[in-house]
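Comments concern the structure below.
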Amino acid sequence: MKLRDYQIEAKASIFNYFADHVGNPIVAMPCATGKSVVIGSFIYDAFCYFPGTRVMMLTHVKELIEQNLDKLLKMWPTAPAGVYSAGMKRKESHFPITFGGVQTVAKASPDRFGRVDLLLVDECHLLSNSDTTMYQQIIKGLREINPALKVVGFTATDYRLGWGKLSEGGGLFTDVCFDITGLEAFNRLVAEGY
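Per the numbering used here, residue 32 is the first one in the sequence shown, and the count goes up by one each step.
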């Protein structure tokens, strides 16, 4: 699978972010621009650059779990990936890469997944600042096992109604490392034929 130029830029922005910053970045890309491709390619590269990395990709619906897993397997057919989702009738927690449904993962003990180095959250605009939410409870549990856990959010909008910008106001996400959701970027995508 050949990545588009902006998808390569998006992936590189995550690695560049972690080389220069401490925090939890957001990748903001409009619908249908290939967030799943960026997620899959980022996971693949993380494993190439940092052997032994353990990754969890969380989202809220099985269709996105399937889509994200499918893109990874198209790039890397032998990826050591499992699924932890009741909706998909699979609860595989022993793989280095886990694609999970937030509701199912939240019901499990964090110990079930062991050390997780990277947590990727698709549709991260759904993540609330409240400590009592499923996402926040999962993050807290994973950080108890690995305090160095890095969290990367993916969304078509880094804004939440009643809250504002996700990277402002002291929430989990600290920065936007890549954003092609503005008018100028949208015009670029149109001009490039996407």
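All C-beta atoms in this analysis are idealised placements derived from N, C-alpha and C, irrespective of residue type, glycine included.
Contact belief for residue i with residue j at Cβ below 8 Å, rounded distance in angstroms
{"i": "V114", "j": "L103", "result": "Not confirmed; about 11 Å, so no contact."}
{"i": "T186", "j": "C155", "result": "5 Å"}
{"i": "D206", "j": "K181", "result": "Actually they do not touch by this definition, with Cβ atoms about 12 Å apart."}
{"i": "L89", "j": "V152", "result": "5 Å"}
{"i": "I74", "j": "V86", "result": "5 Å"}
Bridge-paired residues (DSSP) for residue i
{"i": "G131", "result": "L89 and Y115"}
{"i": "D162", "result": "According to DSSP, D162 bridges with nothing at all."}
{"i": "G195", "result": "R191"}
{"i": "V182", "result": "L150"}
{"i": "R174", "result": "Looking at the DSSP assignment, R174 forms no beta bridge with any residue, so it has no partner."}
{"i": "K122", "result": "Y115"}
Among the options, nearest to residue i - alpha-carbon criterion
{"i": "S140", "options": "T205, E40, W107 and I169", "result": "I169"}
{"i": "K105", "options": "S72, L214, T205 and A117", "result": "S72"}
{"i": "G193", "options": "G65, D153, N160 and N47", "result": "N160"}
{"i": "A77", "options": "D162, Q38 and A43", "result": "A43"}
{"i": "G201", "options": "A222, P56 and L220", "result": "P56"}
{"i": "K93", "options": "G118, C79 and S124", "result": "G118"}
{"i": "K33", "options": "L197, L220, R174 and W107", "result": "W107"}
{"i": "C208", "options": "V86, Y48 and R35", "result": "Y48"}
{"i": "D142", "options": "E199, S124, Y37 and I96", "result": "S124"}
{"i": "G83", "options": "R146, T64 and F46", "result": "R146"}
Residue interval of the beta strand (DSSP E) (run including residue i)
{"i": "F209", "result": "D206 to D210"}
{"i": "V58", "result": "P56 to A59"}
Span of the alpha helix (DSSP H), counted from its first residue to its last, around residue i
{"i": "D142", "result": "Segment: none, D142 is in no alpha helix (DSSP H) and carries neither H nor E."}
{"i": "V221", "result": "L214 to A222"}
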